[in-house]
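Residue numbers (my numbering): 116 to 424. Just so you know, even glycine gets a beta-carbon here, dropped at the ideal spot from N, CA and C. Just so we're clear, the structure is a prediction, and the values are computed from it rather than from any experiment.
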(Lines of atoms letter the chains of each structure in order from A and count residues from 1; the text may use other names and numbers.)
(Lines give C-alpha, C1' and ligand atoms only; values in the text may rest on other atoms or scores of the structure.)
Protein backbone atom coordinates (compact mmCIF):
# COMPACT_ATOMS: atom_id res chain seq x y z
CA UNK A 1 0.00 0.00 0.00
CA UNK A 2 1.19 3.52 -0.77
CA UNK A 3 2.21 5.99 1.91
CA UNK A 4 -0.79 8.10 2.86
CA UNK A 5 -0.74 11.67 1.48
CA UNK A 6 -1.20 14.77 3.57
CA UNK A 7 -4.73 15.20 2.22
CA UNK A 8 -7.41 13.30 0.31
CA UNK A 9 -9.82 15.24 -1.88
CA UNK A 10 -13.24 13.96 -2.95
CA UNK A 11 -14.66 16.28 -5.60
CA UNK A 12 -18.36 15.55 -5.94
CA UNK A 13 -18.69 13.92 -2.52
CA UNK A 14 -22.16 12.40 -2.83
CA UNK A 15 -23.29 8.99 -1.62
CA UNK A 16 -20.32 7.02 -2.99
CA UNK A 17 -17.87 9.68 -1.83
CA UNK A 18 -19.25 9.54 1.71
CA UNK A 19 -19.03 5.74 1.72
CA UNK A 20 -15.41 6.06 0.56
CA UNK A 21 -14.60 8.59 3.26
CA UNK A 22 -16.00 6.25 5.91
CA UNK A 23 -13.67 3.50 4.69
CA UNK A 24 -10.66 5.78 5.06
CA UNK A 25 -11.77 7.10 8.45
CA UNK A 26 -12.26 3.57 9.76
CA UNK A 27 -8.82 2.38 8.61
CA UNK A 28 -6.55 5.38 9.24
CA UNK A 29 -6.09 7.74 12.17
CA UNK A 30 -5.63 11.49 11.75
CA UNK A 31 -6.43 11.39 8.04
CA UNK A 32 -7.42 14.65 6.36
CA UNK A 33 -10.32 14.37 3.90
CA UNK A 34 -11.60 17.41 2.00
CA UNK A 35 -15.07 17.06 0.49
CA UNK A 36 -16.02 19.37 -2.38
CA UNK A 37 -19.79 19.60 -2.92
CA UNK A 38 -22.37 21.88 -4.52
CA UNK A 39 -25.68 21.36 -2.69
CA UNK A 40 -26.72 22.32 0.84
CA UNK A 41 -27.87 18.74 1.42
CA UNK A 42 -24.41 17.41 0.60
CA UNK A 43 -22.82 19.91 2.96
CA UNK A 44 -25.03 18.67 5.77
CA UNK A 45 -24.36 15.01 4.99
CA UNK A 46 -20.58 15.51 4.84
CA UNK A 47 -20.52 17.58 8.02
CA UNK A 48 -22.29 14.78 9.86
CA UNK A 49 -19.32 12.55 9.03
CA UNK A 50 -16.89 15.14 10.32
CA UNK A 51 -15.39 15.88 6.91
CA UNK A 52 -13.78 19.17 5.96
CA UNK A 53 -16.39 20.43 3.52
CA UNK A 54 -16.12 23.06 0.81
CA UNK A 55 -19.27 24.15 -1.06
CA UNK A 56 -18.40 25.28 -4.58
CA UNK A 57 -20.16 25.66 -7.90
CA UNK A 58 -17.77 23.69 -10.10
CA UNK A 59 -18.64 25.81 -13.11
CA UNK A 60 -17.58 29.09 -11.47
CA UNK A 61 -14.77 30.62 -9.39
CA UNK A 62 -12.65 27.48 -8.98
CA UNK A 63 -9.28 29.22 -8.88
CA UNK A 64 -10.32 31.68 -6.19
CA UNK A 65 -11.63 28.89 -3.98
CA UNK A 66 -8.29 27.19 -3.32
CA UNK A 67 -4.81 28.15 -2.18
CA UNK A 68 -1.91 27.71 -4.56
CA UNK A 69 -0.55 24.54 -2.95
CA UNK A 70 -3.80 22.93 -1.78
CA UNK A 71 -3.47 19.89 -4.05
CA UNK A 72 0.28 19.34 -4.05
CA UNK A 73 1.06 15.66 -3.42
CA UNK A 74 -2.51 14.82 -2.46
CA UNK A 75 -4.82 12.08 -3.71
CA UNK A 76 -7.92 13.24 -5.55
CA UNK A 77 -11.13 11.39 -6.35
CA UNK A 78 -13.26 13.07 -9.01
CA UNK A 79 -16.88 11.91 -8.79
CA UNK A 80 -18.68 15.04 -9.99
CA UNK A 81 -21.01 14.44 -12.97
CA UNK A 82 -20.53 16.23 -16.29
CA UNK A 83 -22.86 19.06 -17.34
CA UNK A 84 -26.33 18.00 -18.44
CA UNK A 85 -25.90 19.02 -22.10
CA UNK A 86 -23.42 18.71 -24.93
CA UNK A 87 -20.79 16.13 -25.81
CA UNK A 88 -17.94 17.47 -23.68
CA UNK A 89 -17.28 17.52 -19.95
CA UNK A 90 -16.42 21.20 -19.76
CA UNK A 91 -16.70 21.00 -15.96
CA UNK A 92 -13.79 18.58 -15.52
CA UNK A 93 -11.73 20.26 -18.23
CA UNK A 94 -12.10 23.57 -16.41
CA UNK A 95 -11.19 22.02 -13.09
CA UNK A 96 -8.05 20.45 -14.53
CA UNK A 97 -6.90 23.56 -16.40
CA UNK A 98 -7.92 26.33 -14.00
CA UNK A 99 -7.53 24.70 -10.59
CA UNK A 100 -4.87 22.07 -11.32
CA UNK A 101 -3.20 23.98 -14.13
CA UNK A 102 0.27 24.24 -12.66
CA UNK A 103 2.63 21.29 -12.29
CA UNK A 104 3.49 22.50 -8.76
CA UNK A 105 -0.12 22.26 -7.58
CA UNK A 106 -1.22 18.82 -8.66
CA UNK A 107 -2.35 15.68 -6.87
CA UNK A 108 -0.10 12.67 -7.35
CA UNK A 109 -3.04 10.57 -8.57
CA UNK A 110 -6.64 11.13 -9.67
CA UNK A 111 -9.29 8.42 -9.62
CA UNK A 112 -12.17 9.18 -11.98
CA UNK A 113 -15.56 7.48 -12.09
CA UNK A 114 -16.71 7.03 -15.68
CA UNK A 115 -19.34 4.72 -17.18
CA UNK A 116 -19.48 1.36 -18.95
CA UNK A 117 -21.94 3.10 -21.27
CA UNK A 118 -18.94 4.18 -23.36
CA UNK A 119 -18.98 0.70 -24.96
CA UNK A 120 -22.42 1.25 -26.45
CA UNK A 121 -24.56 -1.70 -27.52
CA UNK A 122 -22.80 -5.06 -27.80
CA UNK A 123 -26.08 -6.97 -28.33
CA UNK A 124 -25.61 -8.85 -25.09
CA UNK A 125 -22.05 -10.05 -25.77
CA UNK A 126 -19.45 -10.14 -23.01
CA UNK A 127 -17.00 -7.25 -23.24
CA UNK A 128 -13.89 -6.09 -21.40
CA UNK A 129 -11.54 -3.12 -21.35
CA UNK A 130 -10.08 -4.02 -24.76
CA UNK A 131 -13.49 -3.56 -26.41
CA UNK A 132 -13.51 -0.35 -28.53
CA UNK A 133 -15.68 2.46 -27.22
CA UNK A 134 -18.84 3.15 -29.17
CA UNK A 135 -20.80 5.95 -27.49
CA UNK A 136 -24.28 6.73 -28.71
CA UNK A 137 -26.02 9.08 -26.28
CA UNK A 138 -24.66 12.56 -25.51
CA UNK A 139 -24.43 11.70 -21.81
CA UNK A 140 -21.92 8.97 -22.73
CA UNK A 141 -19.90 11.26 -24.99
CA UNK A 142 -19.51 13.55 -21.99
CA UNK A 143 -18.08 10.71 -19.90
CA UNK A 144 -15.65 9.72 -22.64
CA UNK A 145 -14.66 13.37 -22.93
CA UNK A 146 -13.84 13.34 -19.22
CA UNK A 147 -11.63 10.28 -19.65
CA UNK A 148 -9.73 11.94 -22.51
CA UNK A 149 -9.29 15.16 -20.53
CA UNK A 150 -7.84 13.30 -17.56
CA UNK A 151 -5.42 11.30 -19.70
CA UNK A 152 -4.25 14.52 -21.38
CA UNK A 153 -3.74 16.16 -17.98
CA UNK A 154 -1.73 13.17 -16.70
CA UNK A 155 0.52 13.18 -19.76
CA UNK A 156 1.13 16.92 -19.40
CA UNK A 157 1.88 16.86 -15.68
CA UNK A 158 3.51 13.45 -15.35
CA UNK A 159 0.98 12.48 -12.67
CA UNK A 160 -1.09 9.29 -12.40
CA UNK A 161 -4.71 8.41 -13.05
CA UNK A 162 -7.09 5.48 -12.66
CA UNK A 163 -10.35 5.47 -14.63
CA UNK A 164 -13.14 3.28 -13.29
CA UNK A 165 -15.93 2.51 -15.75
CA UNK A 166 -19.03 1.90 -13.68
CA UNK A 167 -22.48 0.49 -14.59
CA UNK A 168 -25.67 0.86 -12.51
CA UNK A 169 -25.02 1.58 -8.83
CA UNK A 170 -27.35 0.08 -6.27
CA UNK A 171 -27.66 -0.29 -2.51
CA UNK A 172 -30.48 -0.99 -0.09
CA UNK A 173 -31.28 2.73 0.01
CA UNK A 174 -30.78 3.23 -3.74
CA UNK A 175 -33.37 0.82 -5.13
CA UNK A 176 -36.13 1.91 -7.59
CA UNK A 177 -38.91 1.35 -5.06
CA UNK A 178 -40.69 4.61 -5.91
CA UNK A 179 -40.88 3.62 -9.57
CA UNK A 180 -42.33 0.25 -8.65
CA UNK A 181 -44.88 1.89 -6.36
CA UNK A 182 -46.10 3.93 -9.32
CA UNK A 183 -46.61 0.75 -11.36
CA UNK A 184 -44.57 2.00 -14.30
CA UNK A 185 -43.99 -0.64 -17.01
CA UNK A 186 -40.81 -2.39 -18.09
CA UNK A 187 -39.88 -4.03 -21.38
CA UNK A 188 -40.97 -7.63 -21.67
CA UNK A 189 -38.35 -10.17 -20.72
CA UNK A 190 -37.85 -11.49 -24.26
CA UNK A 191 -36.81 -8.06 -25.57
CA UNK A 192 -35.00 -6.76 -22.51
CA UNK A 193 -31.27 -6.21 -22.84
CA UNK A 194 -28.58 -7.10 -20.34
CA UNK A 195 -27.58 -4.55 -17.71
CA UNK A 196 -24.78 -4.60 -15.18
CA UNK A 197 -24.45 -3.31 -11.65
CA UNK A 198 -22.23 -2.79 -8.64
CA UNK A 199 -23.17 -2.24 -5.01
CA UNK A 200 -22.28 1.25 -3.76
CA UNK A 201 -20.18 -0.17 -0.92
CA UNK A 202 -18.18 -2.32 -3.34
CA UNK A 203 -17.70 0.67 -5.63
CA UNK A 204 -16.35 2.71 -2.73
CA UNK A 205 -13.99 -0.15 -1.89
CA UNK A 206 -12.86 -0.33 -5.53
CA UNK A 207 -12.13 3.41 -5.52
CA UNK A 208 -9.97 3.07 -2.40
CA UNK A 209 -8.06 0.13 -3.88
CA UNK A 210 -7.59 1.93 -7.21
CA UNK A 211 -5.99 4.85 -5.39
CA UNK A 212 -3.80 2.72 -3.15
CA UNK A 213 -2.64 0.03 -5.59
CA UNK A 214 0.72 -0.10 -7.34
CA UNK A 215 -0.79 -0.05 -10.84
CA UNK A 216 -1.22 3.28 -12.57
CA UNK A 217 -2.83 4.84 -15.65
CA UNK A 218 -5.33 2.01 -16.03
CA UNK A 219 -8.94 1.81 -17.21
CA UNK A 220 -10.88 -0.77 -15.20
CA UNK A 221 -14.46 -1.97 -15.47
CA UNK A 222 -16.16 -2.10 -12.08
CA UNK A 223 -19.04 -4.61 -11.95
CA UNK A 224 -20.13 -7.59 -9.89
CA UNK A 225 -19.84 -9.84 -12.96
CA UNK A 226 -23.42 -11.06 -12.70
CA UNK A 227 -25.49 -9.10 -15.25
CA UNK A 228 -29.19 -9.64 -15.80
CA UNK A 229 -31.92 -7.98 -17.80
CA UNK A 230 -33.44 -4.78 -16.51
CA UNK A 231 -36.78 -6.58 -16.32
CA UNK A 232 -35.29 -9.23 -14.06
CA UNK A 233 -33.74 -6.49 -11.93
CA UNK A 234 -37.08 -4.76 -11.38
CA UNK A 235 -38.81 -8.07 -10.69
CA UNK A 236 -36.25 -9.00 -8.04
CA UNK A 237 -36.53 -5.61 -6.35
CA UNK A 238 -40.35 -5.82 -6.44
CA UNK A 239 -40.28 -9.21 -4.73
CA UNK A 240 -37.79 -7.89 -2.18
CA UNK A 241 -39.95 -4.86 -1.35
CA UNK A 242 -43.17 -6.94 -1.34
CA UNK A 243 -44.60 -4.95 -4.25
CA UNK A 244 -46.37 -6.14 -7.42
CA UNK A 245 -44.03 -6.89 -10.29
CA UNK A 246 -44.20 -4.15 -12.94
CA UNK A 247 -46.32 -4.66 -16.05
CA UNK A 248 -44.39 -5.63 -19.18
CA UNK A 249 -44.74 -3.94 -22.56
CA UNK A 250 -43.03 -4.31 -25.92
CA UNK A 251 -39.88 -2.35 -26.76
CA UNK A 252 -41.86 -0.55 -29.45
CA UNK A 253 -44.49 0.55 -26.95
CA UNK A 254 -41.76 1.52 -24.48
CA UNK A 255 -40.38 4.01 -26.97
CA UNK A 256 -43.75 5.73 -27.00
CA UNK A 257 -44.48 5.69 -23.27
CA UNK A 258 -41.20 5.79 -21.31
CA UNK A 259 -38.82 8.71 -20.93
CA UNK A 260 -36.18 9.30 -23.58
CA UNK A 261 -33.49 8.68 -20.98
CA UNK A 262 -34.89 5.29 -20.01
CA UNK A 263 -35.37 4.29 -23.64
CA UNK A 264 -31.72 5.08 -24.39
CA UNK A 265 -30.71 2.58 -21.70
CA UNK A 266 -33.16 -0.04 -22.96
CA UNK A 267 -31.73 0.07 -26.48
CA UNK A 268 -28.32 -1.11 -25.26
CA UNK A 269 -27.38 -4.60 -24.11
CA UNK A 270 -23.97 -5.70 -22.84
CA UNK A 271 -22.38 -7.95 -20.25
CA UNK A 272 -19.32 -6.57 -18.49
CA UNK A 273 -16.38 -8.78 -17.55
CA UNK A 274 -14.74 -7.84 -14.26
CA UNK A 275 -11.58 -9.96 -14.61
CA UNK A 276 -9.23 -6.98 -14.68
CA UNK A 277 -10.85 -5.51 -11.59
CA UNK A 278 -10.39 -8.75 -9.66
CA UNK A 279 -6.80 -9.21 -10.80
CA UNK A 280 -5.46 -5.66 -10.42
CA UNK A 281 -7.41 -4.43 -7.41
CA UNK A 282 -7.53 -7.77 -5.57
CA UNK A 283 -11.00 -6.81 -4.42
CA UNK A 284 -13.27 -9.15 -2.48
CA UNK A 285 -16.84 -8.12 -3.24
CA UNK A 286 -19.15 -7.88 -0.26
CA UNK A 287 -22.13 -8.04 -2.62
CA UNK A 288 -21.32 -10.47 -5.47
CA UNK A 289 -24.81 -10.43 -6.99
CA UNK A 290 -28.21 -8.81 -6.57
CA UNK A 291 -30.05 -11.96 -5.49
CA UNK A 292 -27.68 -12.68 -2.61
CA UNK A 293 -27.73 -9.04 -1.50
CA UNK A 294 -31.51 -8.85 -1.33
CA UNK A 295 -31.75 -12.16 0.50
CA UNK A 296 -29.49 -10.99 3.30
CA UNK A 297 -30.90 -7.51 3.90
CA UNK A 298 -34.07 -5.90 5.19
CA UNK A 299 -36.06 -3.58 2.89
CA UNK A 300 -35.21 0.08 3.42
CA UNK A 301 -37.63 2.99 3.64
CA UNK A 302 -35.55 4.82 1.04
CA UNK A 303 -37.00 4.90 -2.47
CA UNK A 304 -34.28 6.29 -4.74
CA UNK A 305 -32.41 4.53 -7.49
CA UNK A 306 -29.34 5.05 -9.66
CA UNK A 307 -28.53 4.16 -13.24
CA UNK A 308 -25.15 4.92 -14.81
CA UNK A 309 -24.96 2.64 -17.85
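- As the crow flies, the alpha-carbon of residue 277 is around 15 angstroms from that of residue 124.
- For residue 311, the secondary structure class from DSSP, reduced to helix, strand or coil, is coil.
- Annotation for residue 154: no beta strand (DSSP E) segment contains it, and DSSP assigns it neither H nor E.
- Using a Cβ distance threshold of 8 angstroms, residue 269 and residue 204 do not count as a contacting pair.
- Residue pairing by DSSP places residue 193 opposite 126, 227 in a beta bridge.
- The continuous beta strand (DSSP E) containing residue 281 extends over residues 275-281.
- Residue range 345-355 is occupied by the alpha helix (DSSP H) that includes residue 346.
- In this structure, 386 is the residue among 166, 386, 294, 305 with its C-alpha nearest to the C-alpha of residue 313.
- Contact annotation: residue 320 and residue 166 have beta-carbon atoms that are not nearer than 8 angstroms.
- Between the segment 185-200 and the segment 225-244, the count of C-beta pairs closer than 8 angstroms reaches three or more; the two stretches touch.
- The continuous beta strand (DSSP E) containing residue 168 extends over residues 167-170.
- Per DSSP, the continuous beta strand (DSSP E) segment holding residue 333 begins and ends at 333-336.
- Separation of the CB atoms of residue 334 and residue 244 is rounded to 5 angstroms, and the pair is thereby assigned contact status at 8 angstroms.
- The three-state reading of DSSP puts residue 137 in helix, counting H, G and I together.
- Note that the C-beta distance between residue 130 and residue 338 is not below 8 angstroms.
- Nearest neighbour of residue 122 by Cα position, chosen from 163, 128, 148, turns out to be 148.
- For residue 376, the enclosing alpha helix (DSSP H) covers residues 375-381.
- Taking 8 angstroms as the cut-off, the beta carbon of residue 283 is found no closer than this to the beta carbon of residue 249.
- Excluding residues up to 5 positions away in sequence, 242, 246, 248, 249, 385 lie with their Cβ nearer than 7 angstroms to the Cβ of residue 234 in the same chain.
- Going by DSSP, residue 256 is part of the alpha helix (DSSP H) stretching over 253-272.
- Measuring C-alpha to C-alpha distances from residue 213 to each of 186, 229, 159, 237 identifies 186 as the nearest.
- Contact annotation, residue 133 with residue 160: C-beta distance approximately 6 angstroms; criterion of less than 8 angstroms satisfied.
- Separation of the CB atoms of residue 372 and residue 291 is rounded to 17 angstroms, and the pair is thereby denied contact status at 8 angstroms.
- Residue 407 and residue 351 have their C-alpha atoms some 11 angstroms from each other.
- Cβ atoms of residue 332 and residue 389 stay farther apart than 8 angstroms, at about 19 angstroms.
- Between residue 195 and residue 211 the beta-carbon gap is near 12 angstroms, outside 8 angstroms, which marks them as no contact.
- Of the residues 153, 120, 150, 128, the one whose Cα lies closest to the Cα of residue 143 is 120.
- If the five residues before and after residue 364 are omitted, its C-beta is found closer than 8 angstroms to the C-beta atoms of 300, 301, 302, 303, 372, all from its own chain and listed in chain order.
- Under the DSSP assignment, residue 370 falls in the alpha helix (DSSP H) whose first and last residues are 366-372.
- In the three-state reduction of the DSSP assignment, residue 209 falls in the helix class.
- For residue 370 and residue 281, the gap between their C-alpha atoms comes out near 25 angstroms.
- In the three-state reduction of the DSSP assignment, residue 363 falls in the strand class.
- Excluding sequence positions up to five before and after residue 318, its CB lies within less than 7 angstroms of the CB of 131, 281, 284, 337, all in the same chain and listed in chain order.
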